[in-house]
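In the working numbering, the protein residues as written are 83 to 451.
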């Protein structure tokens, strides 16, 4: 395994040259043992267990990347923070924002957090807008959610400022346009502006580059990074694209079957991946040198476990090349890597502000040969 070539050359220098944590280590969001399930409608029995005991903290000014294939529980985990879970969801655990518990708050109380403190960027921006409303009216309604007395003139001036901040061109003349008159990348920039409209402290980007071409993807990622730096906000960036997550994140969560399989500073996770699933994701990513090779892409054979009947042991064991009998007997806990197992970059021992590099596997990286 070659960790240097596991990360695309486009973001390699940026990744290994960046600091792993912001200067302020004060936690803005703290999620503890979050579990979310959805009862199955009759005649089916049981429930779909989307999230199964996820815990993490997010510091002020930090970008946390959450990566994993479809069905791993990424979006459900982050939807629980602003209280956007469906009414049928059954949840347990704790979600604290700046010390205040959010899980279980009534809708009226949650509205004080949505938009004003927590902004959301959704995937597939074309589906997020009313096709019969122009953008000026969309912004006016957004502003009046927090300030019902705002005039149309004041709303227009503020909308122009926000749209210029996110890099939309010809803003004045395009406020009267309808959603179908914008490209996917332009709609996503508008979505980012709307998420920032009420001055949020936390920006949750749920697969914001889905269905966009690679050039626009890079522009959106760069925009989110710039906004974090300029506004000093925290960001949760969700994606199944390991390249994008590596290029923007300070810290990484790797999720699979509703569980965190590995977490740690971005450069540690990508330079020295400890869990077989993380290694498999990196190995399956296309690399530039493959253009000159006839070798096929590595694949992860098998399927994600059925969420209505997840295994009691390691969920990745049926697909893991290193799996042994012990892997099918019990679910491993998240263990911190020792210094001897973590040769990459700054460890938590060297930098007390850094979070430890942890993984959920009975085998140390040295034994994954």
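Beta carbons: idealized from backbone N, C-alpha and C, even for Gly.
Nonlocal neighbours in the same chain, by C-beta distance under 7 Å from residue i, ignoring five residues either side
| i | result |
| --- | --- |
| residue 130 | 119, 120, 122, 389, 390 |
| residue 359 | 336, 338, 343, 398 |
| residue 401 | 382, 383, 384 |
| residue 210 | 204, 273 |
| residue 413 | 394, 395, 396 |
| residue 234 | 222 |
| residue 224 | 276, 279 |
| residue 408 | 444 |
According to DSSP, residues forming a beta bridge with residue i
| i | result |
| --- | --- |
| residue 335 | 148, 345 |
| residue 178 | 112, 183 |
| residue 131 | 119 |
| residue 319 | 147, 287 |
| residue 228 | Note: residue 228 sits in no beta bridge, so no partner. |
CB-CB length for residue i against residue j, believed under 8 Å
| i | j | result |
| --- | --- | --- |
| residue 392 | residue 339 | 6 Å |
| residue 108 | residue 142 | 5 Å |
| residue 177 | residue 185 | 5 Å |
| residue 197 | residue 282 | 7 Å |
| residue 202 | residue 164 | 7 Å |
Same chain only: Cβ atoms within 8 Å of residue i, ignoring 5 sequence neighbours per side
| i | result |
| --- | --- |
| residue 30 | This structure does not reach residue 30, given that the chain is present from 83 up to 451, and the question cannot be answered. |
| residue 269 | 207, 208, 210, 211, 261 |
| residue 254 | 242 |
| residue 106 | Low confidence applies to residue 106: its pLDDT is 41, below 50, so where it sits in the model is not reliable enough to give any reading. |
Option in the options with minimal Cα separation from residue i
| i | options | result |
| --- | --- | --- |
| residue 199 | 300, 304, 153, 110 | 110 |
| residue 326 | 193, 410, 352, 248 | 352 |
| residue 416 | 197, 440, 408 | 440 |
| residue 275 | 229, 179, 238, 444 | 238 |
| residue 387 | 341, 345, 419, 355 | 341 |
| residue 311 | 180, 332, 193 | 332 |
| residue 37 | 188, 259, 245 | Only positions 83 to 451 of the chain appear in this structure, which leaves residue 37 out of reach. |
| residue 330 | 306, 346, 314, 113 | 306 |
Contacts around residue i, its chain only, beta-carbon distance under 6 Å, and the 5 residues preceding and following it disregarded
| i | result |
| --- | --- |
| residue 298 | 267 |
| residue 158 | 118, 132, 133 |
| residue 443 | 357, 414 |
| residue 232 | 225, 226 |
| residue 345 | 335, 440 |
Residue burial classification, residue i (beta-carbon count within 10 angstroms, cutoff 16)
| i | result |
| --- | --- |
| residue 191 | exposed |
| residue 447 | buried |
| residue 357 | buried |
| residue 421 | In this prediction, residue 421 scores a pLDDT of 48, lower than 50, which makes its location untrustworthy; no coordinate-derived value is stated. |
| residue 152 | exposed |
| residue 248 | buried |
| residue 156 | buried |
Below-8 Å beta-carbon distance, residue i vs any chain D residue
| i | result |
| --- | --- |
| residue 400 | Looking at the structure shown, chain D is missing, and only one protein chain is on hand. |
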